[in-house]
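Read in order, the letters of the sequence shown correspond to residues -16 to -1, 1 to 437 in mature numbering (1 follows the signal peptide of the UniProt record, and there is no 0). Backbone N, C-alpha and C fix where the C-beta goes; we use that ideal spot for every residue, glycine too.
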Amino acid sequence: MGACLGACSLLSCASCLCGSAPCILCGCCPSSRNSTVTRLVFTTFLLLGVLVCIIMLSPGVESQLHKLPWVCEEGAGGTLVVLQGHIDCGSLLGYRAVYRMCFAMAAFFFLFTLLMGCVRSSRDPRAAIQNGFWFFKFLVLIGITVGAFYIPDGSFSDIWFYFGVVGSFLFLLIQLVLLIDFAHSWNQRWLCRAEERDSRAWYAGLFFFTLLFYSLAIAAVVLLFIYYTQPDACYEGKVFIGLNLTLCVCVSITAVLPKVQDAQPNSGLLQASVITLYTMFVTWLALSNVPDQKCNPHLPARLSNETVLAGPQGYETQWWDTPSIVGLIVFILCTLFISLRSSDHQQVNTLMQTEECPPILEQQQQVVACDGRAFDNEQDGVSYSYSFFHFCLVLASLHVMMTLTNWYQPGETLKMVSTWTAVWVKICASWAGLLLYLWTLVAPLLLPNRDFS
């Protein structure tokens, strides 16, 4: 009897590894949509890769690695190699390890970007690959990761750096699109509740958060001028802060113009305040990468006070500063939002090419949900674009690579300190984001024949 139960359990586990995403849920978990669980698992793969990168950058890892005699030994020319496979130990640490780990994640998600193109419903055979076979997909990710560490150093890091620059720029724009969608949905829901319940409390809540976001943005501007500029220096920082502040004022005024309000009833100061605060956040990230100790208060901490470790080829690895940690937190929240966002978010629906659930299928799902079981909600149409979702994770892999390495450009400096490339990329991303938000405001006026609802 025990053998029979054991065999049944083994068969159940095997079918779960090859089955759909909800199979991995425990019995105590609430009923969930197949699409949501799938996105969460892929995001978990990404976050596990981020955790590995953090470990590889952690102080003390290199010294502990060198204490293991069976891992590294001195090779020709004093280089450290792994005994089995002859991998340069330098590729297991610092920015070189992060580059290879993020290359593996980007390659893994790019493979699914190509594989999952034009999937229309869960009846497509490729949908089974998207929503199942998790054990084998995890093995594929591990295999790509191991192979990435065998890539000869050469010009790999230099070339991959520019891929990271472009990918991080695009991911900053996606963050802004998600933020715009969140603000629009938030404003619309609270206005609808205020009208339905005839209560001024919802209007008061919108006013409070709008005032709060603008206050935080103004405080950020003041702090940026205090800590990232000098009276007789740092002219680039002054121009960046002043120009972004002027652009934020312009889009805020545009958002409340009568013609814009008539064409775009959901526009308002709440969205403009969120965009203003996000622009100041990106400006802060940009100024924190300025490679000038007079204009960047983080540089002295990096070069003297913070823990640094001598790495391979003479460069030094430092622990992250406050902007890097905050940027990592925002990155994690953004990737989770991509995974958990519902079909109520219209802007993200357009971006992700999502489709609303048919009424009949929605009724069937409600019956299944009442039974406490996971259900397939994509039989008549996918709820998100599989291919574009994986492309977002490709960009996320590149963005987290640049964030964790502080936008260090290989071969340019001996210390892992970013250069003006990071500053210009982030500033240009803030400008492109403001132009994108401005377009969402004026597009209904310029193209009146199109439906922007």
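Once DSSP output is grouped into helix, strand and coil, what is the label at residue i?
i           : result
residue 245 : helix
residue 441 : Because residue 441 is not part of the residues shown, which for the chain are -16 to 437, the question remains open.
residue 116 : strand
residue 393 : coil
residue 258 : helix
residue 342 : Per-residue confidence for residue 342 stands at a pLDDT of 45, beneath the threshold of 50, marking its modelled position as unreliable; the derived number appears in the next sentence. Of the three classes helix, strand and coil, the one that applies to residue 342 here is coil, per DSSP.
residue 130 : helix
residue 36  : helix
Which stretch, first to last residue, makes up the alpha helix (DSSP H) that contains residue i?
i           : result
residue 226 : 219 to 239
residue 98  : 78 to 99
residue 428 : 404 to 430
residue 433 : Residue 433 -> no alpha helix (DSSP H), and no H or E assigned at all.
residue 169 : 140 to 181
residue 102 : Residue 102 -> no alpha helix (DSSP H), and no H or E assigned at all.
residue 322 : 306 to 324
residue 381 : 370 to 388
residue 187 : 185 to 212
Just checking my contact of residue i with residue j at CB under 8 Å: how many whole Å lie between their CB atoms?
i           : j           : result
residue 413 : residue 153 : 5 Å
residue 371 : residue 101 : 5 Å
residue 404 : residue 275 : 7 Å
residue 369 : residue 23  : Not quite, the Cβ-Cβ distance comes to about 11 Å (not below 8 Å), so this is no contact.
residue 426 : residue 244 : 7 Å
residue 392 : residue 146 : The Cβ separation is near 13 Å, so there is no contact.
residue 376 : residue 164 : Between residue 164 and residue 376 the Cβ distance is about 16 Å, and since that is not below 8 Å, they are no contact.
residue 366 : residue 107 : The pair is not a contact, with the Cβ atoms about 10 Å apart (cut-off 8 Å).
Tell me, please, which residues DSSP counts as bridged to residue i.
i           : result
residue 277 : According to DSSP, which records beta bridges pairwise, residue 277 is partnered with nothing at all.
For residue i and chain D, any beta-carbon pair shorter than 8 Å?
i           : result
residue 103 : Although the question refers to chain D, the structure presented lacks it and comprises just one protein chain.
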